[in-house]
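J.: Just so you know, the working numbering puts 184 at position 162 of the sequence shown, and the rest follows in order with no gaps.
For glycine and all other residues, C-beta sits at the position ideal for the given N, C-alpha and C.
This one's a predicted model, so the numbers in the text were calculated from it and none came from an experiment.
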Amino acid sequence: MILGVFMGGNELNIKKVIGVLLFVNLMQIILVLSMWINKGEGAWKNVGFSLYLVVGLALINSLATVVGVLYANRLRNEDLLESMKNLEELNTTLRVQRHDYLNHLQVVYGLIELEEYEEAKRYMEPVFNEVIKVSRALKTAQPAINALLQAKLEVAEKNKVHMTLNIKTDLRHLKIEPWELCKVLANIIDNGITALLLKTCERHLIVDINEEGECYLFNICNDGPVIDNNQLEQIFKQGYTTKKEVGHGMGLYIVKKIIGASGGTIHVTSTEEKTSFQIQLPKEVNS
């Protein structure tokens, strides 16, 4: 139960939870030892095997819960580290661009001085495209989301996938933790890119981020292979995967769990034209 709450993204003081559980475990250990040492005497005279079994199982359950909370905390830290890595990469890209601006301006200025206008235009085209590519992802008020989208743009480009971002909201009033939304978006985008690698012709992936009333709307679609109805019914179940490598089968299950715990919904449709994941997430109350 505690693990489920933590994975859902609610605020939880992990140290306090572990402290309470360890205290309960200690009390149970003391109780078991007391029963064992004093068995057959006084109040413990009629204590039977069943009570020992119940206390022992309770102890095992508490220890398992501690392990679960520690594991959840480790997963959270891994997600935060991934977000930090994306932020650092975006920061590096921006620093490099800023450093190069002066050099580019000097070259363009020199070409204009020499009245080489066409050459100046040709020189500026790739520079301008690079600036536009980065600025496409810098449209929300959430640095972690911006960094993730920029990272995925680069992954898509390396895999010859044309990825389009249509961002019409700044996501300023997210209820869900940004690092958890990063996990959701990263998983679905990665799955889309993987599906598109099965195509030999043009590959397109579109990420639409919008808002309507008290909700944020996300639509991530690709023109990869169609997912049949049998797969669609199983796609969010724990352990389901179409990949043969060990370790797959948890991504979309966790995605749905995170979204559900945040009060949102996720649906998937697949036709010959496109496969689309539609996500709806509530805004922060009183935002």
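Alpha carbon to alpha carbon, what distance is there between Gly214 and Asn181?
T.: Cα-Cα distance, rounded: 12 Å.
J.: So what's Val149 in DSSP terms, helix, strand or just coil?
T.: Here Val149 sits in helix by DSSP.
J.: So for His270, helix, strand or coil by DSSP?
T.: Unreliable positioning characterises His270 in this predicted model, as indicated by a pLDDT of 45, which lies under 50. A coordinate reading is not provided.
J.: Below 8 Å on the Cβ atoms is my contact criterion, and I expect Gly286 with Leu303 to pass it. Report the Cβ-Cβ distance as a whole number of Å.
T.: About 4 Å separates the two Cβ atoms, so the contact holds.
J.: Looking at C-alpha atoms only, which residue of Asp245, Glu255 and Ile280 is the closest neighbour of Leu227?
T.: Leu227 has its Cα closest to that of Asp245, out of Asp245, Glu255 and Ile280.
J.: Please work out which residues of its chain come closer than 6 Å, Cβ to Cβ, to Phe240, disregarding the five sequence neighbours upstream and downstream, and give them in chain order.
T.: Same-chain partners within the cutoff: Ile231 and Ile301.
J.: Using 10 angstroms around the beta-carbon of Val307, count the other beta-carbons present and answer buried if the total reaches 16, otherwise exposed.
T.: With fewer than 16 Cβ atoms within 10 Å of its Cβ, Val307 is classed as exposed.
J.: Would Gln172 be called buried (16 or more neighbouring beta carbons within 10 Å of its own) or exposed?
T.: Flag for Gln172 reads buried.
J.: With DSSP as the reference, label Thr186 as helix, strand or coil.
T.: Thr186: strand per DSSP, three-state reduction.
J.: For Tyr238, list the residues DSSP reports as bridge partners.
T.: The partner list for Tyr238 (beta bridge, DSSP) reads Glu233 and Leu303.
J.: Which first and last residues belong to the alpha helix (DSSP H) in which Val288 is found?
T.: A small fix is needed here, since residue 288 is Ile in this sequence, not Val. Careful: Ile288 lies outside any alpha helix (DSSP H), inside the beta strand (DSSP E) at Thr287 to Ser292.
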